[in-house]
Amino acid sequence: MLRKLNQEPISPWIVGGDFNEIMFTFEKCGGVQRDPRRIEAFQEVLEECQLFDLGYTGVSYTWERGNLLETNIRERLDRGLANEGWMNLFPMGGIHHLPYSTYDHYPLLLTIESISGHLKSPRFHFEAWWTLEEDLESVIKES
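Numbering (full-length UniProt numbering), first residue to last: 1 to 143.
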């Protein structure tokens, strides 16, 4: 779906909600460990579509199942993703994880504030998984 949306002409865009996948192993607590290939595939799609995680404030996990400590599973499945164009238009934009309700997913609140005509330098982006790339050092030196 993200790849299909990305085929449209380049313009600022944002997408958010339940992606049913985590980006990093630390985004899951309890239960069976996620297949690293699934995590890597999700990261690759985001990189291909040039989408960046907006980060969050609030609780660390957005989905929870199980009432007992030994059976409880928590994951960050819900998130906001945006391309650089959107992030430059709304540099103060972000996601807040709201308090848990009766649904098994925590609601997300998108906050935005436009730059309203002020030019700002592009926002710096860093993804932790970039450190796993073999050519990271040369890319940094060339920047």
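A virtual CB, placed ideally from N, CA and C, is assigned to each residue, including glycine.
Return yes when the Cβ of Asp135 is within less than 7 Å of the Cβ of His105, no when it is not. Here residue 105 refers to the residue found at position 105 when the sequence shown is read from its first residue. Here residue 135 refers to the residue found at position 135 when the sequence shown is read from its first residue. For His105 and Asp135, no; Cβs fall outside 7 Å.
The alpha helix (DSSP H) with Gly94 in it runs from where to where? Sequence index remark: in the sequence shown, residue 94 carries index 94 (1-based). Unbroken run through Gly94 is the beta strand (DSSP E), Gly94 to His97; no alpha helix (DSSP H).
How should Trp130 be labelled, buried or exposed, when 16 other C-beta atoms within 10 angstroms of its C-beta is the threshold for buried? Here residue 130 is taken as the residue at index 130 of the sequence shown, counted from 1. With fewer than 16 Cβ atoms within 10 Å of its Cβ, Trp130 is classed as exposed.
Straight-line CA distance for Leu108 to Ile140? Position 108 of the sequence shown, counted from the first residue, corresponds to residue 108. Position 140 of the sequence shown, counted from the first residue, corresponds to residue 140. Cα to Cα, the separation comes out at about 34 Å.
At 3 residues or longer, what runs of the beta strand (DSSP E) sit wholly inside the stretch 1-79? 14-18, 63-65 and 73-75
With H, G and I counted as helix, E and B as strand and the rest as coil, what does DSSP make of Thr131? The residue you call residue 131 lines up with position 131 of the sequence shown. Correct three-state label for Thr131: helix.
Specify, as a first and last residue, the run of the beta strand (DSSP E) that Thr111 falls within. One-based indexing of the sequence shown puts residue 111 at position 111. Note, Thr111: beta strand (DSSP E), Leu108 to Thr111.
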